[in-house]
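Numbering (the working numbering), first residue to last: 727 to 1062.
Working notes, beginning with the structure itself.
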């Protein structure tokens, strides 16, 4: 809680704790210098000031009035794996789970629930996946028999959701530039019964070389781009202080580059789904605007999703409005 309430990075952990103690007298009494207790708070000793985000970043957020919600505590969201189970069968095994409104395969458990000790997880009936991430997979509209590429697959959370939507039929390629990330997908796919997934390690900076054979063939390409992660601060509040203006600039440039080399992979009429777990407009709305300005023959499709709201030519999810992590995504259609 001390870390969550501090807006700017405190100089010390003690400064963060004193800041919290100033708001909670019950904690202040613990500063008594006894064994394993912190030393008493000295007169004039100042604690960390409260705030949600560093001052330089606040004006860049897509939903600035919801800053406080970015630092709440996240529940445990599950996606039922349709390759093996239905929501009804899983709900009987997890009576604490509640349906997530608008998500046909979404279930929500209380914060801290030990899901990896539960039989449905061990049996591959469920995957831990935030509701917002599930929404992005729905926006892809993947179907059996399609050719689908998850271009920044990482450990494959969205890849597995796409596999379930495809009912194990078609071509699904999980690509990434980092071998260790892709290595984590294989055991997850085995547990989920999604063994038709193909993995592809591509060379960063020369990604096109590994993707030549897919040019003009994909029905759907998901670009879940590297981003600032501002939408996931509920899970990683200290990440606020690792983000700098220079790093944000680099991420924005990389996102645009990835979108540009993803575009030729789509068949005529195919869909490029761009997504980030970021809530800065530079990484979301503005990226879509830039892509459409650079590429003729593409249009942004109007989305009508069960959670979130329209934002520019895309869709926005936020913790305060939707109870999910923060995401921006858009579906861009190549002309037939």
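Where is the CB? At the ideal position from N, CA and C, for every residue including glycine.
Enclosing alpha helix (DSSP H) for residue i [first to last residue]
i           : result
residue 841 : First-last for residue 841: undefined, no H or E at that position.
residue 847 : 845–848
residue 950 : No alpha helix (DSSP H) contains residue 950, which is instead part of the beta strand (DSSP E) from 944–950.
residue 772 : Taken as a continuous stretch (DSSP letters only), residue 772 belongs to no alpha helix (DSSP H), as it is neither H nor E.
residue 816 : 813–819
residue 752 : 751–754
residue 884 : 883–891
residue 957 : No alpha helix (DSSP H) holds residue 957; DSSP gives it neither H nor E.
residue 866 : 857–866
Identified DSSP bridge partners for residue i
i            : result
residue 832  : 805
residue 825  : 833
residue 1041 : 1036 and 1055
residue 899  : 875 and 924
residue 794  : Answer by DSSP bridge pairing: none, since residue 794 is not bridged.
residue 678  : Missing from the structure shown is residue 678; the chain here goes from 727 to 1062 and no further.
Alpha-carbon spacing of residue i relative to residue j, whole angstroms
i            : j            : result
residue 826  : residue 832  : 5 Å
residue 849  : residue 736  : 43 Å
residue 1003 : residue 1050 : 11 Å
residue 742  : residue 1045 : 24 Å
residue 961  : residue 799  : 7 Å
residue 748  : residue 835  : 32 Å
residue 915  : residue 921  : 6 Å
residue 757  : residue 740  : 10 Å
residue 1059 : residue 966  : 34 Å
residue 877  : residue 902  : 6 Å
residue 763  : residue 892  : 56 Å
residue 912  : residue 1012 : 35 Å
residue 992  : residue 945  : 6 Å
residue 846  : residue 760  : 46 Å
residue 1007 : residue 1028 : 18 Å
residue 899  : residue 1053 : 23 Å
residue 863  : residue 872  : 14 Å
residue 785  : residue 1009 : 14 Å
residue 1035 : residue 781  : 26 Å
residue 926  : residue 890  : 19 Å
residue 933  : residue 989  : 13 Å
residue 977  : residue 953  : 6 Å
residue 875  : residue 1014 : 19 Å
residue 918  : residue 755  : 50 Å
residue 882  : residue 829  : 19 Å
residue 894  : residue 745  : 52 Å
Residue i in three-state terms, based on DSSP
i            : result
residue 762  : coil
residue 1060 : strand
residue 970  : coil
residue 1001 : strand
residue 852  : strand
residue 679  : Outside the displayed span of the chain (727 to 1062) sits residue 679, for which this structure offers no information.
Extent of the continuous beta strand (DSSP E) run through residue i
i            : result
residue 1045 : Element bounds for residue 1045: not the beta strand (DSSP E) but the alpha helix (DSSP H), 1045–1048.
residue 990  : Per DSSP, residue 990 belongs to no beta strand (DSSP E) and is neither H nor E.
residue 1025 : 1024–1026
residue 1014 : Unbroken run through residue 1014 is the alpha helix (DSSP H), 1011–1020; no beta strand (DSSP E).
residue 916  : Element bounds for residue 916: not the beta strand (DSSP E) but the alpha helix (DSSP H), 905–918.
residue 933  : No beta strand (DSSP E) contains residue 933, which is instead part of the alpha helix (DSSP H) from 933–937.
Flag this pair as touching only if the segment 978–987 and the segment 942–961 have three or more C-beta atom pairs under 8 Å; answer yes or no. yes
Kindly confirm or deny that the segment 792–807 and the segment 761–776 touch, where touching means at least three C-beta pairs closer than 8 Å. no
Would you check if there are 3 or more beta carbon pairs closer than 8 Å linking the segment 956–971 to the segment 1020–1037? no
May I ask you to verify whether the segment 883–901 touches the segment 802–811, counting CB pairs closer than 8 Å and requiring at least 3? yes
Do three or more CB pairs link the segment 1031–1044 to the segment 961–978 at distances below 8 Å? no
For the segment 990–999 against the segment 862–869, do three or more pairs of beta-carbon atoms, one drawn from each stretch, fall closer than 8 Å, so that the two count as touching? yes
Whether or not the segment 812–823 and the segment 1012–1021 are in contact is what I'm after, with contact meaning three or more pairs of Cβ atoms, one per stretch, closer than 8 Å; do they touch? no
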